[in-house]
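Chemist:
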Amino acid sequence: MNNDANSCTLPLEDIMPFMIAAVGSRNQSDANQSYLLYRWPVKHIQIDIIEYLNFAFSTTELDNNLEKCVNSSFTDDINQRFSASCTFTIESKMYSFIIVLDNKKFENSPFILEQIYDFTYLMACTSKYHIIHSIPIFNVTPILRGFLLDYGTFVISSLDSPLIDKQLTFPLPFPHDFLAKCLTSHLQTQMTTVITSSFEVKSKQMAHFLSYFLLPNQKTFSSDKIFDVPLQGFFIQCIQPPTSVTTPQISSNAQHQKIKMPLEELIQFQRPWTYINIDSMTVIQCPSIESQKMYRSQYRHSILFAFDADHNEINKRLTSIFSRYKPNIDVGTSEWAIKAIKVLEDAPSQMKNFVGEQKTTEIMEKAVTMISLVNGILENTAAVFIDPVQLKEIGRIISVTDKEELQMVSSVSQLFDKSMFRKTEAKRRDMLIQMMNSV
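Take a look at the structure:
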């Protein structure tokens, strides 16, 4: 996972002033099975591993499947350290992996916490494997540091180098229909967009254009820094054009070309994603929100946690996964996006940020109204999900003009209510397409 060129060059203690990572048994008398895997700063800190682990056990429900991470804050003598822990069992004995961080930098930062929970889960799985197979537990430490460098890059970039508002000169050097397609897909994938171009200035221009259509806290977790590969956690980010011959490729029927994409990084994203290649003027989306979750889970368990698999077996599994993981290359353009770009272009320079905020708020309000209408219909009809006719009526009420805008609103609504997918797209994988075609 770690990419040296991408990794944060600052010492980890400069990113997070305090951290420990530990794994151990719940049995206090079993002290020889409680291990401090990592800590900094090393000097002048007295750490009672059992104290931390007992705190983790007292605040974490048992989860044999390692799917739940629970967080809480230490107080008083432990100076409000933030903790995330994941508990698991081996032969009826309970263990916990816990990570403890300085609380001040992470409070009220849900997107950073999301990454910390994911990291905790990964390291709990790794620790469990080492314990089961009697592999020295301290072999986990270099793996842990490798993951930390990747997560550290995201943390330091988002905390210290967020995407700053920048006045763009219009018209931009992109065709209007391409801009509209980029904006449509950007909103259809919950504002999570990866941009690449051979010309860095074009990547940055696209990043700043799309940043007009972000929520304030999403701007904090966006960057126009050019990374080598996509990093989890960002909303808008820019990367170098993929060049490796091992990069998975997908076919574009419309353009009759092979498109190199960093699919192995994109499949690990927790949110849906848009991939914009400015050089080829292509816009590609993940298959669907639920498909992204499903294939992400498959990748993690088949590849990341395949500690016993050799190189050939890993390649075989990768081939199998990517033969089924089909990004959407037929991205539509919404009338809403075309009009929004026109309004933005016509606005005075000092008003463009305000116009972008207003247009983004417009989609947010439609999404919240959609949630209310869907819940109201389900309560009144005792139905399990909304059918296409009802969805069409909801679209009319909230003034949606086409199926692409409806998909934008539906996707954004899931930022506020994750059950919206089940309520509006249940039963079949292609339900969303059928519903959108009813508009």
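Per this note's numbering, residue -19 is the first one in the sequence shown, and the count goes up by one each step. The C-beta atom is built at its ideal place from N, Cα and C for all residues, glycine as well.
Opposite Val348 in the DSSP bridges: which residues?
Modeler: None; Val348 has no bridge partner.
Chemist: Taking only the alpha-carbon atoms, compute the straight-line gap between Ile76 and Phe214 and give it to the nearest angstrom.
Modeler: Checking the displayed sequence, the identity of residue 76 turns out to be Ser instead of Ile. Going from the Cα of Ser76 to the Cα of Phe214 covers about 29 Å.
Chemist: Buried or exposed: where does Pro155 fall if 16 or more other Cβ atoms within 10 Å of its Cβ makes it buried?
Modeler: exposed
Chemist: What residues match up with Phe68 in a beta bridge as DSSP calls it?
Modeler: Tyr75
Chemist: Could you check the C-alpha separation between Ile294 and Met241 for me, to the nearest Å?
Modeler: 19 Å
Chemist: Looking only at its own chain, which residues have a Cβ that is under 6 Å from the Cβ of Lys184, when we skip the five neighbours before and after it?
Modeler: Asp204
Chemist: Determine, using beta-carbon pairs with one atom in the stretch 153 to 170 and one in the stretch 390 to 398, whether at least three such pairs fall under 8 Å.
Modeler: yes
Chemist: At the level of alpha carbons, what is the spacing between Glu71 and Cys105?
Modeler: 15 Å
Chemist: I believe Leu163 touches Ile269 by the beta-carbon criterion, under 8 Å. Please report the beta-carbon distance rounded to the nearest angstrom.
Modeler: In fact, because the Cβ distance is near 19 Å, the residues do not count as touching under 8 Å.
Chemist: Would you decide whether Gly356 is buried or exposed? Buried here means 16 or more other CB atoms lie within 10 Å of its CB.
Modeler: exposed
Chemist: Could you check how far apart the C-beta atoms of Gln95 and Gln212 are, in whole angstroms? I think they sit under 8 Å.
Modeler: 6 Å
Chemist: What are the boundary residues of the beta strand (DSSP E) that includes Tyr255?
Modeler: 254 to 257
Chemist: Below 6 Å CB to CB, which residues in the same chain sit around Lys339 once its five sequence neighbours on both sides are set aside?
Modeler: Ala320
Chemist: Could you check whether Phe127 and Leu93 sit closer than 9 Å to each other, using their CB atoms as the reference points?
Modeler: no
Chemist: Based on the DSSP secondary-structure assignment, which residues constitute the bridge partners of Ile264?
Modeler: According to DSSP, which records beta bridges pairwise, Ile264 is partnered with Tyr255.
Chemist: How would you call Val364, buried or exposed, if buried means at least 16 neighbouring beta carbons within 10 angstroms?
Modeler: exposed
Chemist: Could you work out which residue in Arg276, Ala347, Trp316, Asp310 is closest to Leu298 when comparing CA atoms only?
Modeler: Arg276
Chemist: Work out the CA separation of Lys273 and Leu190 for me, nearest whole Å.
Modeler: 24 Å
Chemist: Could you give the residue range of the beta strand (DSSP E) that holds Thr173?
Modeler: Per DSSP, the continuous beta strand (DSSP E) segment holding Thr173 begins and ends at 173 to 176.
Chemist: List the endpoints of the continuous alpha helix (DSSP H) containing Gln212.
Modeler: It is not in any alpha helix (DSSP H) - Gln212 carries neither H nor E in the DSSP assignment.
Chemist: According to the Cβ coordinates, are His188 and Leu159 closer than 9 Å?
Modeler: No, they are not a contact pair.
Chemist: Could you work out which residue in Glu325, Gln217, Phe287 is closest to Ile112 when comparing CA atoms only?
Modeler: Comparing alpha-carbon positions, the option among Glu325, Gln217, Phe287 lying closest to Ile112 turns out to be Phe287.
Chemist: Decide yes or no for the touch test of the stretch 302 to 312 against the stretch 371 to 381: beta carbon pairs closer than 8 Å, at least 3 of them.
Modeler: no
Chemist: Please determine, among Lys161, Ser271, Arg125, Thr172, the residue with the shortest C-alpha to C-alpha distance to Ile318.
Modeler: Lys161
Chemist: Rounded to the nearest angstrom, what separates Lys296 and Val120 at their Cα positions?
Modeler: 26 Å
Chemist: Count the other CB atoms, across all protein chains shown, that sit within 10 Å of the CB of Lys73; report buried if there are 16 or more and exposed otherwise.
Modeler: exposed
Chemist: Leaving out five residues on either side along the sequence, give the residues of the same chain with a beta carbon under 6 Å from the beta carbon of Tyr109.
Modeler: Phe287
Chemist: Using 9 Å as the threshold, is the C-beta distance between Ile79 and Thr100 below it?
Modeler: yes
Chemist: Exposed or buried, which one is Met331 when buried takes at least 16 other CB atoms within 10 Å?
Modeler: Its Cβ having fewer than 16 others within 10 Å, Met331 is exposed.
Chemist: Got a sec? Which residues, its chain only, sit under 8 Å from Ser352 by beta carbon, not counting five neighbours each side?
Modeler: Around Ser352: no qualifying Cβ.
Chemist: With a CB to CB cut of under 6 Å and the five nearest residues on each side skipped, what residues in its chain are close to Ser107?
Modeler: Val3, Phe77, Val120
Chemist: Rounded to whole angstroms, what's the CA-CA distance from Pro222 to Asp98? Just pull it up for me.
Modeler: 26 Å
Chemist: Under the three-state reduction of DSSP, which class applies to Gln170: helix, strand or coil?
Modeler: DSSP places Gln170 in coil when its eight states are reduced to three.
Chemist: According to DSSP, simplified to helix, strand and coil, what is Phe447?
Modeler: Limits of the chain in this structure are -19 at one end and 419 at the other, which puts residue 447 out of reach.
Chemist: Could you give the distance in angstroms between the alpha-carbon of Glu359 and the alpha-carbon of Glu373?
Modeler: The straight-line gap from Cα to Cα measures roughly 17 Å.
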